[in-house]
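These notes concern the structure reproduced below.
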Amino acid sequence: MSYRERRARRTGATDTPPYATESIAIEIRGLRKSFDAKVAVAGIDLDVPAGSFFGLLGPNGAGKTTTLRMATGLLRPDAGRVTVAGLDVWHDPVRAKAAMGILPEDVPLFDRLSGHELLVYNGLLRSMERPVVEARAAELLDVLALTDAADTMVVDYSQGMRKKIGLACALLHAPRVLFLDEPFESVDPVSARTIREVLAHVTDSGGTVVFSSHVMELVERLCDRVAIMHGGNVIAAGTMDGVRGGRPLEEVFVTLVGARPDASGRLAWLSPSSS
Amino acid sequence: MAVAFVLVRLKLALVAAGLRTAGIAGLLGMLLTVTSAVAMGGIGAVLFGLVRFASEQAAMEAAVAGFGVVLLVWALGPIVTATSDGTLDVDRLALLPLSAPQLMPGLLGSALAGFGGLATVLTFAGAFVGLAPLSPLAVVTALAVALELATCATCGRLLGTVISGAARNRRWRDVALFAGPMIAIGTNVLIQLALRRSAPSGGAGTVALEDNPIARALLVTARLLPSGPAAMAAGFARAGRTLPAVAALIAGALVLFAALALWHAALERTLASSGSGTSARARRRGGAHRPRDLFPAAVAWALPGNRVGAVAAKELRVMGRDPRQRMAAMSSVFIVVMAFFSMQDTMVGTPRGVLFAIVPAYAATLTGINLYGFDGTAHWLNVAAGDDVRSDILGKWLARLLTIVPVMVLVAWYLVARAGSAAYLAPGLALALAVVGTSFGLGSVVSVRLPFPMPTSRTNVFSSGNSGRGAVSGFASMAVLGAPAPWSPPLRFSTARCPGSW
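Chains as they are written, first to last, in the numbering used here: chain E, 1 to 275; chain W, 276 to 777.
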């Protein structure tokens with residue numbers, strides 16, 4: 001049974017769109033960004049209902065990371081508007097950022113701080129009370145199996161540990177919306193499982209999770225809503241079942257994005273018998 | 276040789292690619308780099324060329340010292356300046372199905388095919404002009420210069436390979452990043468001391484090496500460097516002593532051969548162990564344990580429990596752990612030490628000498644001209660937590676203040692003790708604080724308007740990938756902060772009160 005199915009059983013959700021009457025956690029309108037002549041995001045519109053587990057899919061260079069960076073206030077868009085939890089990210093950035101947690105793809109961190117120091121630093125940056133920060137930091141380190149490495153500098157963490165401490169930073173202030181860019185990339189199965197469970201807990205508690213990924217199986221298993229980006233545009237969006245239309249997600253993705261030419265019958269020189 | 280040409284072309288292609296993708300700032304930086312290389316090479320050539328008018332003994336000493344300096348620049352330059360040389364990235368080299376002997380000619384060629392190579396060739400052209408006798412022995416000089424060029428490139432690659440291999444471990448990388456510049460600074464301090472002690476009073480800078488034990492020791496050391504034999508060959512050739520010149524040339528060739536053998540062994544070892552390096556393991560602690568506090572205990576009382584305090588605490592923690600920041604701090608100490616030596620005779624021991632307390636203040640605040648540099652891309656955490664630039668800058672300066680003030684007070688106290696008078700204590704400390712305030716203001720503006728991420732790589736100490744932006748930012752920072760400071764009221768006042776001491 002998948003996470004999605006287990007979650008549906010726990011929450012009583014059905015395959016019918018469960019958020020039709022719920023509020024919108026993230027509203028994106030006309031978002032556009034170009035880098036010189038290259039259009040990274042070509043004026044997209046997107047709604048993410050509150051409480052959803054939202055997957056943002058797309059091939060390399062589709063504009064996923066640029067979209068997430070603009071939606072989180074880390075990259076100024078050329079045009080368009082983003083609201084998170086009803087707050088305009090670019091007109092009311094402080095309150096909007098207080099409502100969101102972010103995990104960037106390559107997780108650049110102050111890696112000469114220990115895991116515990118990094119969490120305390122992050123909490124105090126957000127004007128949280130010191131005792132609250134300490135208590136939550138200890139619990140997050142415990143849940144994410146980082147307690148033993150609490151005093152180890154982040155520079156000495158493995159990639160999986162970096163993702164987990166980054167996730168802990170994103171969760172520390174109990175945000176209503178989580179933005180995660182490729183949270184499972186380069187992560188070992190054990191750490192991936194821990195991250196999945198934490199994210200499932202967030203959505204079970206009413207939070208919204210948006211994450212980008214290349215891994216269709218993972219998105220299919222975790223998400224109840226999905227958007228597919230290609231060439232800076234959103235080419236499909238909706239409930240998982242609505243987008244899939246009864247087919248495997250990978251098949252839908254390849255059809256929408258455009259399949260590469262068939263390699264069979266070519267590259268014969270790769271055969272061991274050829275010299 | 277085909278591999279050699281490929282690697283040389285790779286180096287040139289990397290330089291060209293840097294030019295194409297660097298943008299305006301990068302182009303300016305590259306232009307500055309080329310100009311610096313030509314200028315340094317030109318200065319080296321002129322200095323060596325002037326040896327033509329020196330005595331045989333002086334020519335020998337100049338050759339030994341000059342060749343030694345060039346060798347040290349080759350060996351330590353890449354570490355001190357954190358310049359990038361993608362052709363010596365062991366991670367990439369290990370992927371090629373090539374043995375060390377196949378790689379070595381190409382790596383040597385690519386070492387010379389760059390701005391450093393250009394400057395060195397220019398310098399050694401001057402060395403030939405300055406040292407070659409008007410006799411057939413000029414052939415020995417030419418061979419000695421060529422030998423020195425090869426020795427420089429080989430020793431640079433040897434040290435680079437050894438460090439690249441060791442630097443795969445984070446702790447060793449930290450040591451390498453700190454030790455290299457420290458050796459360079461230490462050598463510089465010794466040279467400065469030697470020059471200072473050898474300058475006769477009123478002698479217009481004339482150096483009397485024979486009277487100076489430090490200079491003599493440095494010269495002896497320089498003779499023992501791998502560059503020594505080639506330099507001596509050139510010196511003997513200049514003196515017309517054929518046999519010693521040829522013997523030194525042979526010794527130089529043997530040294531080069533030994534360096535090549537060592538480099539070969541280091542390269543084989545590094546290529547075989549590429550990718551096997553690890554970071555230090557996470558420290559495991561059993562049982563209940565309270566993690567270390569972000570706020571350093573010694574200064575926790577001075578740090579507010581808000582964003583300003585958190586930023587200050589982070590800065591203090593990182594300052595002690597990041598080798599690049601330790602290096603910056605040591606550079607400030609170096610400035611203070613050199614200033615102290617230069618003023619010892621005129622200021623220290625006099626009541627007004629207490630004004631010297633401004634020097635550590637000024638030197639320390641030099642670390643604040645690129646406040647965001649060491650944060651690099653991790654600064655997104657601050658932005659994501661609600662971008663509060665004012666609090667961040669206050670926190671960064673608070674951390675610096677907590678390190679500067681004790682040093683200032685300590686220096687002032689020492690100077691008062693030496694002078695036996697506290698008459699200038701209050702003005703000295705007030706001026707020092709004024710210098711700090713001036714530097715804080717200018718440093719904040721430069722840091723915000725011209726931020727430059729300091730080079731960082733978790734795998735390769737020679738990989739910075741900043742394509743000249745650092746040169747632009749560095750020049751601008753130094754110009755903005757350095758230019759007005761000596762004429763700022765506090766420093767003007769200090770200089771006026773201590774004529775002849777600056």
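Where a beta carbon is used, it is the ideal one built from N, C-alpha and C, also for glycine.
Minimum Cβ-Cβ distance from residue i to chain W less than 7 Å
{"i": "E:E117", "result": "yes"}
{"i": "E:A227", "result": "no"}
{"i": "E:V120", "result": "yes"}
{"i": "E:A85", "result": "no"}
{"i": "E:F35", "result": "no"}
{"i": "E:A42", "result": "no"}
{"i": "E:F54", "result": "no"}
{"i": "E:L222", "result": "no"}
{"i": "E:L109", "result": "yes"}
Cβ neighbours of residue i in the same chain (closer than 6 Å, five flanking residues each side left out)
{"i": "W:M683", "result": "A632, P635, A636, A707"}
{"i": "W:G703", "result": "V629, L630, A632, A687"}
{"i": "W:V420", "result": "F399, A402, F403"}
{"i": "W:E590", "result": "K671, A674"}
{"i": "W:A638", "result": "S607, I610, V611"}
Inter-residue spacing [alpha-carbon to alpha-carbon] between residue i and residue j
{"i": "E:R225", "j": "W:R582", "result": "37 Å"}
{"i": "E:I24", "j": "E:N233", "result": "21 Å"}
{"i": "W:S606", "j": "W:G718", "result": "17 Å"}
{"i": "W:D662", "j": "E:L68", "result": "18 Å"}
{"i": "W:P726", "j": "E:S52", "result": "39 Å"}
{"i": "W:I668", "j": "W:F715", "result": "9 Å"}
{"i": "E:A227", "j": "E:E139", "result": "33 Å"}
{"i": "E:P175", "j": "E:S205", "result": "11 Å"}
{"i": "W:T642", "j": "W:A603", "result": "6 Å"}
{"i": "W:V720", "j": "E:T66", "result": "29 Å"}
{"i": "E:R244", "j": "E:V252", "result": "6 Å"}
Coil, strand or helix - residue i by DSSP
{"i": "W:I489", "result": "helix"}
{"i": "W:G389", "result": "coil"}
{"i": "W:A292", "result": "helix"}
{"i": "E:R225", "result": "strand"}
{"i": "E:M128", "result": "coil"}
{"i": "E:F110", "result": "coil"}
{"i": "W:L669", "result": "helix"}
{"i": "E:H173", "result": "coil"}
{"i": "E:V215", "result": "coil"}
{"i": "E:D88", "result": "strand"}
{"i": "E:T208", "result": "strand"}
{"i": "W:S359", "result": "For W:S359, the pLDDT reaches just 49, beneath the cut-off of 50, and the residue's location in the model is therefore unreliable, although a value from the coordinates is still provided. Residue state, collapsed to three classes: coil."}
{"i": "W:I644", "result": "coil"}
{"i": "E:G30", "result": "strand"}
{"i": "W:F631", "result": "helix"}
{"i": "E:P49", "result": "strand"}
CB contact below 7 Å: residue i versus chain E
{"i": "W:G401", "result": "no"}
{"i": "W:D597", "result": "yes"}
{"i": "W:V583", "result": "no"}
{"i": "W:V283", "result": "no"}
{"i": "W:R724", "result": "no"}
{"i": "W:W273", "result": "Limits of chain W in this structure are 276 at one end and 777 at the other, which puts residue 273 of chain W out of reach."}
{"i": "W:A653", "result": "yes"}
Own chain residues within Cβ distance below 7 Å of residue i, not counting five before or after
{"i": "W:V321", "result": "G401"}
{"i": "E:R29", "result": "D45, G80, R81"}
{"i": "W:A277", "result": "none"}
{"i": "W:A337", "result": "V326, A329"}
{"i": "W:F597", "result": "Note that residue 597 of chain W is Asp in the sequence shown, not Phe. Excluding residues within five positions, the ones whose Cβ falls inside 7 Å are F649."}
{"i": "W:V521", "result": "V415"}
{"i": "W:D449", "result": "P598"}
{"i": "W:M784", "result": "This structure cannot settle anything about residue 784 of chain W, because the visible part of chain W is limited to 276 through 777."}
Cut-off 8 Å between Cβ atoms - residues of its own chain near residue i, not counting five sequence neighbours on either side
{"i": "E:A135", "result": "none"}
{"i": "W:L325", "result": "G405"}
{"i": "E:T203", "result": "R7, G51, S52, F53, V209"}
heavy atom of the ligand SAM below 6 Å from residue i C-beta
{"i": "E:D224", "result": "In terms of ligand content, the structure shown is empty, and the ligand SAM therefore cannot be addressed."}
Contact between the segment 144-151 of chain E and the segment 123-133 of chain E (3+ Cβ pairs under 8 Å): Short answer: they don't touch.
Cβ pair count under 8 Å reaching 3, the segment 606-615 of chain W against the segment 116-124 of chain E: With the cut-off at 8 Å, the segment 606-615 of chain W and the segment 116-124 of chain E do not touch.
Validate contact between the segment 486-495 of chain W and the segment 306-322 of chain W using beta carbons, cut 8 Å, 3 pairs: No contact exists between the segment 486-495 of chain W and the segment 306-322 of chain W.
Any 3 or more C-beta pairs closer than 8 Å across the segment 107-119 of chain E and the segment 537-546 of chain W: The answer is no - the segment 537-546 of chain W does not touch the segment 107-119 of chain E, with fewer than three Cβ pairs under 8 Å.
Stretch pair the segment 187-195 of chain E + the segment 80-94 of chain E: three plus CB contacts closer than 8 Å: The segment 187-195 of chain E is not in contact with the segment 80-94 of chain E.
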